[in-house]
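Protein chains in written order, with full-length UniProt numbering: chain A, 1 to 138; chain B, 1 to 138.
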């Protein structure tokens, strides 16, 4: 079963512009440095909310999986929810045993631990990221 | 400025069906009883995630504001994010002073404290609920 909500993924056409809004909403110190994740075709920036994080996601490169989302939602919007689990491989087996489609093999995510996505059609329309909790936390 | 993420609002055509999935994901005890909010045209059900909640929202009545969302997203999906503030009227003035559109007057929300929504066009495409923290909490 799932643990805490690690973050809410929010797609944006411009992290620079969105970061300005989130600095206003949560304070300057809450907004981290943006960085590229070339393997996933995204640039990301984490915002600390008191009990979770918002992950701002901007397309990186022509093949970014975010282009399709922004074509439908030009201003950006809620893209995915990410929950933590203690063991990514056990979690993959758990979803698959219940007929829920895991999209690809576990790979290293934005927080440096393994992640996978579950198909939104098996999660009530919610694209869901499953992330192994960082070691030594929780 | 904003406080903790009180909940993620997830629209669904059927709370009964979604609740079944969330019991599997977070355990039977995590899923509360569903109840109607006729003034807002929705039926809701809260799911306890370790550090926040998911609010399942089903349309209630022919004029429910959720019908439009479900017409675009028949399987359901992420509908809004709700952040807490200590004082709802101070929060309304704060958003308005920055040119962000508050939708209507504060009214009592699903947790029994005053809430309002901020226009998604002023929040990077994210429909945002602002909720006064329950007294005696936080």
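Using N, Cα and C, we set each Cβ at its ideal position, and we do this for glycine too.
Could you round the C-beta distance between residue i and residue j to whole angstroms and report it? I think they count as a contact, below 8 Å.
| i | j | result |
| --- | --- | --- |
| residue 66(B) | residue 85(B) | Not confirmed; about 24 Å, so no contact. |
| residue 83(A) | residue 113(A) | Residue 83(A) to residue 113(A), Cβ: 13 Å. No contact. |
| residue 98(A) | residue 24(B) | 7 Å |
| residue 146(B) | residue 75(A) | No answer is possible for residue 146(B): it lies beyond the span of chain B, which begins at 1 and ends at 138. |
Name, please, each residue of chain A whose Cβ falls closer than 7 Å to the Cβ of residue i.
| i | result |
| --- | --- |
| residue 26(B) | 1, 2 |
| residue 76(B) | 124, 125 |
Cα separation between residue i and residue j?
| i | j | result |
| --- | --- | --- |
| residue 91(B) | residue 131(B) | 9 Å |
| residue 11(A) | residue 89(A) | 27 Å |
| residue 188(B) | residue 2(A) | In the structure as shown, chain B begins at 1 and stops at 138. Residue 188(B) is therefore absent and cannot be evaluated. |
| residue 110(B) | residue 117(B) | 13 Å |
| residue 77(A) | residue 14(A) | 12 Å |
| residue 28(A) | residue 93(B) | 21 Å |
| residue 73(A) | residue 40(A) | 20 Å |
| residue 105(B) | residue 70(A) | 31 Å |
| residue 22(B) | residue 16(B) | 10 Å |
| residue 126(A) | residue 20(B) | 15 Å |
| residue 51(B) | residue 51(A) | 6 Å |
Can you list the residues of chain B that residue i reaches, using a CB-CB cut of under 8 Å?
| i | result |
| --- | --- |
| residue 59(A) | Result: empty, since nearest Cβ-Cβ is about 14 Å, beyond 8 Å. |
| residue 18(A) | 124 |
| residue 92(A) | Those do not exist, as residue 92(A) stays about 14 Å from chain B at its closest Cβ, beyond 8 Å. |
| residue 21(A) | 123, 124 |
For residue i, name the three-state secondary structure that DSSP assigns.
| i | result |
| --- | --- |
| residue 87(B) | coil |
| residue 20(B) | helix |
| residue 7(A) | strand |
| residue 125(A) | coil |
| residue 55(A) | strand |
| residue 106(A) | strand |
| residue 80(A) | strand |
| residue 48(B) | strand |
| residue 96(A) | helix |
| residue 74(A) | coil |
| residue 2(B) | coil |
| residue 25(B) | helix |
| residue 13(A) | coil |
Residues of chain B with a CB under 7 Å from the CB of residue i: which are they?
| i | result |
| --- | --- |
| residue 5(A) | 49, 51, 52 |
Identify, in the order they occur along the chain, each residue of the same chain with its Cβ nearer than 6 Å to the Cβ of residue i, setting aside the five sequence neighbours on each side.
| i | result |
| --- | --- |
| residue 9(B) | 55, 57, 79, 80 |
| residue 101(A) | 119, 122 |
| residue 18(B) | 12, 56 |
| residue 46(A) | 32, 53, 55 |
| residue 6(A) | 82, 84, 131 |
Mind pulling the chain B residues with CB within less than 9 Å of residue i?
| i | result |
| --- | --- |
| residue 113(A) | By Cβ distance, chain B contributes nothing, its closest Cβ being about 17 Å from residue 113(A), past 9 Å. |
List the residues of chain A whose Cβ lies closer than 9 Å to the Cβ of residue i, in chain order.
| i | result |
| --- | --- |
| residue 29(B) | None at all; the shortest Cβ gap to chain A is about 11 Å. |
| residue 10(B) | 81, 124, 125, 126 |
Can you list, in chain order, the residues of its chain whose CB lies under 8 Å from that of residue i, leaving out five sequence neighbours each side?
| i | result |
| --- | --- |
| residue 49(A) | 26, 30 |
| residue 96(A) | 102 |
| residue 134(A) | 111, 112, 113 |
| residue 38(B) | 60, 61 |
| residue 87(B) | 132 |
What residues of chain D sit near residue i, judged by a beta carbon separation below 9 Å?
| i | result |
| --- | --- |
| residue 98(B) | You won't find chain D in this structure, because its protein chains are A and B. |
Whose C-beta lies closer than 7 Å to the C-beta of residue i among residues of the same chain, with five residues either side of it excluded?
| i | result |
| --- | --- |
| residue 36(B) | 43, 60 |
| residue 108(A) | 114 |
| residue 64(B) | 41, 42 |
Between residue i and the ligand ZN, is there a pair consisting of the residue's CB and a ligand heavy atom that are separated by less than 7 Å?
| i | result |
| --- | --- |
| residue 18(A) | For the structure depicted, the ligand ZN is absent and the ligand set is empty, with no information on it obtainable. |
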